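Down below is the structure, laid out as structure tokens.
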Amino acid sequence: MAEKLAPDKRHSFTHGGQKVFEWDQTLDEVNIYVDLPANVPKKLFYCKIQSAHIEVGIKGNPPYLNHDLACPVKTDSSFWTLEDEIMHVTLQKRDKGQTWSSPILGQGSLDPYSVDLEQKRLMLQRFQEEEYAYASCQSGYSPSRIQVSTSLRLNSLGPALTQGPSWEARAPIEIFYFDLLALANYSEYLAMVRSFLQAVSSEEVTPPLRVVQMEGLAVLKIIKHCNEFSPALVTGQLLGLDVGSVLEVTNCFPFPTREEDEEIEADGANYQLEMMRCLREVNVDNNTVGWYQSTLLGSFQTVELIETFMNYQENIRRCVCIIYDPSRSSQGALALKALKLTDSFMDLHRNNNFTGEKLREKKLSWVDIFEEIPIKVSNSALVSAFMTELEPESPVAQCDYDRLKLSTAPYVERNLEFLIDCMEDLSAEQNKFQYYYRNLSRQQAQQQAWLQKRRVENMARKAAGEEPLPEEDPSNPIFKPIPEPSRLDSYLITNQISNYCNQINGVAGQNFNRLYMMKALHEN
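Taken in order, the sequence shown gives residues 13 to 536; the numbers are from our numbering.
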């Protein structure tokens, strides 16, 4: 713990080009380091520490330091030692966590930028200390934390500091963990996280997400919640930990269904925060890694889903959405998939530019919006052993009549209905682009006609010895650019059409297998 809470680097206080002393600070202490002159017996040095004053010197000589302190200290726990020709003065802060801009009142103060960096560093140290204190009282349990895997170097956070050479080559601050629930409110947490993520210059290459590992408990909770409210659509929060190329989903909790639209969003945020606080108290992971939602016949590819992804991405580096389809699962397959947005699509979405030119430049097609991540369901050894004990012995003859159901007509019919609706929506989108290109062609023709007319007029003016008129007139309405419609909706509709077709093919293929099997049984 000591190495995690160690100060960053000593600050040097100089006067007249000479170093007077160096100092640093932690949450509890301010340390002053004074170089001692050679050939002076150590017993002659003295240091007097008062609550708001310090005096350092050699007996029989004027004091070397005789100044008021910037902030009050605890005299009973402050002390000084002599270490290798250096006097080390340890001042115990009266207010723990207070950021000192200088040990000496009115002299050698850090610039505002450096003070802000010190304050943020001490805040992170406080979070680390509280996390480890909480973990130590839980008999070996390490609570869930939000991990920021990055090395923060102060000399890369912005403009150069103004304290001279003594501020160069600063050592990196290693940000290990900070606790979500240690803050007073969620808005304070978001503000702090955003400021750090904008300032951090990451030196580590984040491995791509390869698999989503889900605990069996989380899968059962999702299935239970979605089936209970089907065909209504529900959603909930995913909890777990991002570890390298694996996103672990260890638990989840549902969001309450809203019956009144007048309920404000703050209620939902308070509910989530309270749920995570309660889960933490019972030693359950409370780190958000995404959300889950139910869908009807796979109709989830909407603009709202993308907006939700982008909102999550502001606060969570990597998140996924677990999609569960109760109607598809009733056909004999676990319709559970993990989705994330592709990096190329997110870059394009941040600029909100889905024109044909940009899409061709980025080489982005409708299949490049979502990326499906493989799901691996895992259980602990104890859970697996317990499930084995609960499993009944299989009888010789099983009366499983569900296997005899051959009709999948209702499911296929509804897929076809949704497919037809999507085709109509795609046709409407194509009409928008046809209308846009007609207007663009008409405008270009008007511009050419106006340009020809202006050129003829300029030729006449030149013949008359007059100045020619400009061949462009921005105030003319025909030169006002026509905005191109976004192709995002058409991409999503095309993606949804492909999803419906795949579902129909999958169900039809299974049904054909059953029919051929029944045909063989009848022939025998």
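Note that CB positions come from ideal geometry on N, CA and C, so glycine has one too. All figures in this text were calculated on a predicted structure; none of them were measured in a lab.
| Residues near Gln-30 in its chain [Cβ-Cβ closer than 6 Å; skip 5 each side] | none
| field | Where Pro-266 falls: helix, strand or coil (DSSP) | value | strand
| request: Pull up the distance between the alpha-carbon of Val-32 and that of Thr-26, whole angstroms please. | output: 5 Å
| said: My output table needs one value for Thr-400: the three-state DSSP class, helix, strand or coil. | reply: helix
| How is Val-223 classed by DSSP in three states: helix, strand or coil? | strand
| request: Please say whether Ser-121 and Leu-103 have beta carbons closer to each other than 8 Å? | output: no
| Any idea what DSSP makes of Ser-24, helix, strand or coil? | strand
| request: Assign Lys-352 to one of three DSSP states: helix, strand, or coil. | output: strand
| query | Out of Tyr-76, Ile-61, His-65, which has the shortest C-alpha to C-alpha gap to Pro-49? | reply | Tyr-76
| Cβ pair count under 8 Å reaching 3, the stretch 221-235 against the stretch 246-265 | yes
| query | In the DSSP assignment, what are the bridge partners of Tyr-45? | reply | Glu-34, His-100
| task | Tell whether a beta-carbon distance below 8 Å holds between Gly-109 and Arg-133. | result | no
| task | Specify the secondary structure class of Ser-114 as computed by DSSP and reduced to three states. | result | coil
| said: Taking its Cβ as the centre, do 16 or more other Cβ atoms sit within 10 Å of Thr-38, making it buried, or is it exposed? | reply: buried
| task | Give me the Cα-Cα distance between Leu-251 and Asn-363, rounded to the nearest whole angstrom. | result | 30 Å
| query | Under 7 Å from any heavy atom of the ligand FAD, does the C-beta of Asp-359 make it? | reply | What this structure holds is no ligand at all, so the ligand FAD is not there to describe.
| message | Going by C-alpha to C-alpha distance, which of Asn-73, Glu-97, Asp-80, Val-52 sits closest to Tyr-45? | response | Glu-97
| field | Member of Pro-268, Val-246, Leu-129 whose CA lies at the smallest distance from the CA of Lys-21 | value | Leu-129
| Proximal residues to Glu-373 (C-beta, below 6 Å), its chain only, five neighbours per side dropped | none
| request: Taking Ile-328 and Thr-300 to be in contact with their CB atoms under 8 Å, please state how far apart those CB atoms are, rounded to whole angstroms. | output: 6 Å
| Ends of the alpha helix (DSSP H) at Asp-437? | 421-475
| said: Rounding to the nearest angstrom, what Cα-Cα distance links Pro-266 and Glu-384 in this structure? | reply: 23 Å
| query | Where does Trp-179 fall in DSSP's three states? | reply | Here Trp-179 scores only 31 on pLDDT, less than 50, and its place in the model should not be relied on; the value that follows carries that caveat. Trp-179 falls in the helix class under three-state DSSP.
| query | Are Ile-387 and Leu-353 closer than 8 Å when you measure CB to CB? | reply | no
| When the Cα atoms are used, what is the spatial distance from Leu-164 to Leu-136? | Residue confidence for Leu-164 is low, a pLDDT of 32 falling below 50, so the modelled location carries little weight; the figure read from the coordinates is stated next. Distance between the alpha carbons of Leu-164 and Leu-136: 12 Å.
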